[in-house]
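Be aware that the sequence shown starts at 0, since it is given in numbering that gives the first Met the number 0, and climbs by one per residue.
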Amino acid sequence: MMSHPSRQGLPETAGGRLPLVEFVEKPGVIDLAWGHPDPDLLAVDELANLAGTTLRRFGPEALTYGAPAGPGPLIEAVVDRLGRTDSRPPRPDEICITGGVSAALEQCAKLLAEPGQVILVEAPTYHFALQILASHPLEICPLPFDSGGLVVETLPDTLARIRASGRKVGFLYTIPNFHNPTGLTLTTERRRALLELAEAEDLLLVEDDVYRELSFDGPAPPSLWSLAPPGRVVRLGSFAKSLAPGLRVGYLTADRPLTRKFSGQPWLHSGGAPSHLPSLLVATCMVEGMYQANVRRLQAAYRQRRAALLESLQAEMPQGTTWTRPAGGYFTWVTLPAGDTRKLLAAVQKAGSGYIPGITFLPRECSEARGPLAEQAPRSFRLAWSRYSPENLRESVRRMGEVLRG
Ligand SMILES: Cc1ncc(COP(=O)(O)O)c(C=O)c1O
0 MMSHPSRQGL PETAGGRLPL VEFVEKPGVI DLAWGHPDPD LLAVDELANL
50 AGTTLRRFGP EALTYGAPAG PGPLIEAVVD RLGRTDSRPP RPDEICITGG
100 VSAALEQCAK LLAEPGQVIL VEAPTYHFAL QILASHPLEI CPLPFDSGGL
150 VVETLPDTLA RIRASGRKVG FLYTIPNFHN PTGLTLTTER RRALLELAEA
200 EDLLLVEDDV YRELSFDGPA PPSLWSLAPP GRVVRLGSFA KSLAPGLRVG
250 YLTADRPLTR KFSGQPWLHS GGAPSHLPSL LVATCMVEGM YQANVRRLQA
300 AYRQRRAALL ESLQAEMPQG TTWTRPAGGY FTWVTLPAGD TRKLLAAVQK
350 AGSGYIPGIT FLPRECSEAR GPLAEQAPRS FRLAWSRYSP ENLRESVRRM
400 GEVLRG
């Protein structure tokens with residue numbers, strides 16, 4: 000990655016040996032494995048200006064310990080935004096500002112489940128969420144997933160089996176919108192069925208809504224949280240995809256007893272809410288209208304990239320290959336007619352391209368019914384259109400196709 004002009008003249012970190020960022024581009028490689036934003040789409044100059052505005056506007060209050068539930072100006076801005084992009088706005092006391100979805104999920108694992116309890120997940124699901132959950136003394140149980148999202152019909156049987164064996168369920172983690180890794184969206188009927196079932200079974204849902212703003216073909220569906228009775232859903236949102244992941248700012252919406260549980264944690268009383276200054280910067284972006292314009296700009300850019308990626312798959316993939324046509328987010332899920340995508344990866348990388356093999360997104364414990372997408376996973380892979388220009392996406396898929404066509 001080229002350094003931004005503002006970094007020029009600064010010494011490289013410890014002679015360039017200590018990493019500055021998570022993903023370091025390899026020269027000549029167009030790796031579609033990583034779900035990171037294109038550096039050219041990050042609004043460096045606008046954020047630099049608004050960071051100055053934020054510090055001048057809030058003065059020392061921007062630099063001290065923040066309120067445990069997050070700073071009021073961002074909570075108010077989130078109320079306003081969700082009033083426009085979801086089917087009901089939260090009340091201010093139904094919001095906690097977080098350090099992003101990853102940090103919030105870590106808190107969910109700690110606060111919403113007892114050691115030894117079962118966490119239900121989609122198979123496939125976001126691989127780092129699996130790692131976060133697996134770093135706690137919890138048992139992970141995969142649920143079947145198909146082109147309509149989580150297969151809700153099998154859930155009562157799974158719950159009955161778990162309970163009959165004397166185990167308890169902590170919560171179900173789901174990504175209903177523009178799912179990672181498949182890009183698929185939970186159908187309206189299944190949203191209703193899932194909420195009815197959750198109510199009947201007294202099941203808590205943790206809804207990962209990280210891609211809500213990246214909806215390309217009209218508004219994103221209403222969140223489960225907005226459709227559910229109080230106490231049934233904790234929805235995790237983030238500004239990582241809609242503004243910048245480096246800010247480490249997100250939010251959760253839940254009913255008051257749950258938000259109090261999150262904001263009442265001693266570490267927040269000791270240190271204040273995470274990312275206080277970046278939270279105020281996000282609030283400024285929203286109040287000034289920059290955030291809304293940025294979302295529109297990202298939607299347009301990613302819509303174009305989705306088209307470039309899907310068109311080049313049509314041109315380059317072996318006959319019999321299928322892929323999802325997501326209505327938003329970062330990813331498509333590609334399934335070859337045959338082959339092992341873990342074994343094929345080395346040759347694809349050698350050709351200067353890359354993907355994540357489907358199997359990466361399955362929990363190890365696949366004893367329960369697995370469903371169609373999990374069964375395809377060994378011959379599937381995830382591609383991200385987020386990181387590269389349409390031209391680079393086409394070139395990467397061309398390289399990949401040459402290898403995969405054999
Ligand atoms: C489904 C899902 N959840 C969470 C995250 C991470 O969110 P955050 O950057 O807010 O921690 C990602 C990023 O790739 C994701 O795809």
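Think of the CB as a built atom: it goes at the ideal place given N, C-alpha and C, for glycine as much as any other residue. Small disclaimer: the values here were computed from a predicted structure and weren't measured.
In the structure shown, the three-state DSSP call for L137 is coil. Taking all protein chains shown into account, P220 has 16 or more neighbouring C-beta atoms within 10 Å of its C-beta and is therefore buried. In chain order, P67, A68, C95 place their CB closer than 6 Å to the CB of S262, counting only its own chain and leaving out the 5 sequence neighbours on each side.
Distance from the CA of Q116 to the CA of L242, rounded to the nearest whole angstrom, comes to 35 Å. For L403, the secondary structure class from DSSP, reduced to helix, strand or coil, is helix. In this structure the region 244 to 259 does not touch the region 112 to 127; the number of beta carbon pairs closer than 8 Å is below three. A Cβ-Cβ distance of about 4 Å is found for the pair G147 and T186, placing them in contact under the 8 Å criterion. Short of 8 Å from the beta carbon of A383, and not among the five residues preceding or following it, lie these beta carbons of its own chain, in chain order: L31, A32, W33, G34, H35, Y329, F330.
P277 has its CB no nearer than 7 Å to any heavy atom of ligand 1. In this structure, DSSP gives T331 an extended state, which the three-state scheme calls strand.
Under the DSSP assignment, R381 falls in the beta strand (DSSP E) whose first and last residues are 379 to 383. In the DSSP assignment, A373 forms no beta bridge with any residue. Excluding five sequence positions before and after Q106, the CB atoms of its chain that fall closer than 7 Å to its own CB belong to F261, given in chain order. Cβ-Cβ distances below 6 Å link E212 to S241, V294 in the same chain, with the five nearest sequence neighbours on each side left out; the list follows chain order. Inter-segment contact for the region 71 to 85 and the region 283 to 292 is present: three or more beta-carbon pairs are separated by less than 8 Å. For the pair L312 and S222, the Cα-to-Cα distance works out to about 31 Å. In the structure shown, the three-state DSSP call for F238 is coil.
As a beta-bridge residue in DSSP terms, L119 pairs with C140, L171.
In this structure the region 315 to 328 does not touch the region 344 to 357; the number of beta carbon pairs closer than 8 Å is below three.
Assignment of beta-bridge partners to Y250 by DSSP yields I96, G236.
The alpha-carbon of T153 is positioned some 8 Å away from that of P143. Only residues of its own chain outside the window of five on either side were considered, and among them V151 have a CB closer than 6 Å to the CB of L193, listed in chain order.
Out of L202, D216, V209, W322, the CA that lies nearest to the CA of P228 is found in L202. The C-alpha of A61 lies about 27 Å from the C-alpha of E21. Each of A337, Q264, L17, L343 was checked against the Cα of K109, and the nearest Cα belongs to Q264.
Sorting A299, E45, D92, E113 by C-alpha distance to the C-alpha of H135 places E113 at the top.
The residue from R404, K342, G58, S269 with its alpha-carbon nearest to that of R378 is K342. Taken atom to atom, the span from the alpha-carbon of E374 to that of V78 is near 40 Å.
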